[in-house]
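> Positions -19 to -1, 1 to 117 (mature numbering (1 follows the signal peptide of the UniProt record, and there is no 0)) are the ones given, in order, by the sequence shown. A virtual CB, placed ideally from N, CA and C, is assigned to each residue, including glycine. Handing you a structure now.
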Amino acid sequence: MNTLILLSVVFAAINLCQADLDKAQAIELLEKCQTKLGSEEDIKAMVEEKLIPTSEKGKCLLHCVAAEKGFVDEEGKVNKEAIGKYLEKKYGDDKEKMEKAAKIMALCSVIDVSKMDKCEAANEYMKCVKEKKETL
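Printed below as a string of structure tokens:
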């Protein structure tokens, strides 16, 4: 998997894991992806309890979120401009959060997902982001 695809999925994962994320917005985005994919995850529980999906369709929710945020297209092609704008908007005024996001990306970017599809890879990155966010 391309490193830029990894970064876009990690950005989306960080976005979903941030405590200050508007939960209603996260639920709306995940429900939109759920409708597209036909997954049966409890979206509200995912957001409230920061649960990571385990079903095949559920795992694709995370890739879908990255696509919906404009970080990647359906094939996984990265939109660097959208990622840059997102980071500037989200963390531009908070050096500490920007540094934490960079550390998480650095730690999670070494995961070998070369034999995984885009959904499984997104799921593994989400697990890593969740773990690192809790320990950093």
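(1) With a cut-off of 8 Å on the beta carbons, I'd call residue 11 and residue 41 a contact; round off their distance for me.
(2) Assess, as a yes-or-no matter, whether the segment 34 to 48 is touched by the segment 101 to 113 under the definition of 3 or more beta carbon pairs within less than 8 Å.
(3) So for residue 51, helix, strand or coil by DSSP?
(4) Around the Cβ of residue 26, are there at least 16 other Cβ atoms within 10 angstroms (buried) or fewer (exposed)?
(5) Using 9 Å as the threshold, is the C-beta distance between residue 72 and residue 82 below it?
This is what the structure holds:
(1) The Cβ separation is near 11 Å, so there is no contact.
(2) yes
(3) coil
(4) exposed
(5) yes
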